[in-house]
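First comes the structure, then the notes that go with it.
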Amino acid sequence: MRSFIIKVSRAILALFGVTIFTACPAVMYATPYADYEIKGKVVDEITKEPVKGVRVIRSKAYPSEGQIMVDENDKDILYTSDGTFIFSGREYTFGGYSHIKVEDIDSLENGLYESKEVLVEHTQAKRPKPDGWFQGFYQADNVMVELTPKKSE
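If you read the sequence shown in this note's numbering, its first letter stands for residue -1, the second for the next number, and so on.
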């Protein structure tokens, strides 16, 4: 009887030893992150036609003490020849906002336009539930930036 109790105790301890390590969540040493995507178009404010030859700059933006702070040190820059733009990527400590600045860079070739800055709020897409540090996928579709033509002097 004593050997039976010892065998059962060993089996229970072995089972307990295995389950204690498999039941623990994975240790995470990183920072929360999220994937994002912004799709938009730059158009003339009056004609609503796409504006060619512009530079689109995306910067991080995040809420802080009731304000939206823009991180000018972390930028994505693209140049568009047809007025459309798409930014996508992975961002650590994602704040749910992006700051978009559009600048006319081709001088008189496609008309002169004033620079414009807009704040874009992302919405969380319906995707599988975030896991671990992953906070989910955020998107902003159909962002329309309307540029004002410069007045001729």
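The beta carbon of each residue, even a glycine, is placed where N, CA and C say it ideally should be. Nothing here was measured: the structure is a model prediction, and the numbers come from that model.
Indicate whether residue i and residue j have their beta-carbon atoms separated by less than 8 Å.
i      : j      : result
Asp139 : Lys58  : no
Leu145 : Asp42  : yes
Pro61  : Leu110 : no
Val141 : Ile98  : yes
Arg53  : Glu101 : yes
Val116 : Gly81  : no
Tyr136 : Phe83  : no
Tyr90  : Thr29  : yes
Can you give me the Cβ contacts of residue i inside the same chain, cut-off strictly under 6 Å, excluding the 5 residues immediately before and after it?
i      : result
Arg182 : The displayed coordinates of the chain run from -1 to 151. Any statement about residue 182 would go beyond what the structure contains.
Asp74  : Arg56 and Phe85
For residue i, which beta-bridge partners are listed by DSSP?
i      : result
Pro147 : Tyr111
Met142 : Lys39
Met67  : Tyr60
Gln137 : Glu35 and Thr121
Glu101 : Arg53
Pro48  : Val41
Phe132 : Tyr31
Asp74  : Arg56
From the DSSP output, in three-state form, read off residue i for me.
i      : result
Ser79  : coil
Phe92  : coil
Leu117 : strand
Ala9   : helix
Ser86  : strand
Ile4   : helix
Output needed for residue i: all residues of its chain with C-beta closer than 8 Å, excluding positions within five of it in sequence on either side, in chain order.
i      : result
Glu119 : Gly94, Tyr95 and Ala138
Can you name, in chain order, every residue of its own chain whose Cβ lies under 7 Å from the Cβ of residue i, other than the five neighbours on each side?
i     : result
Glu47 : Val41
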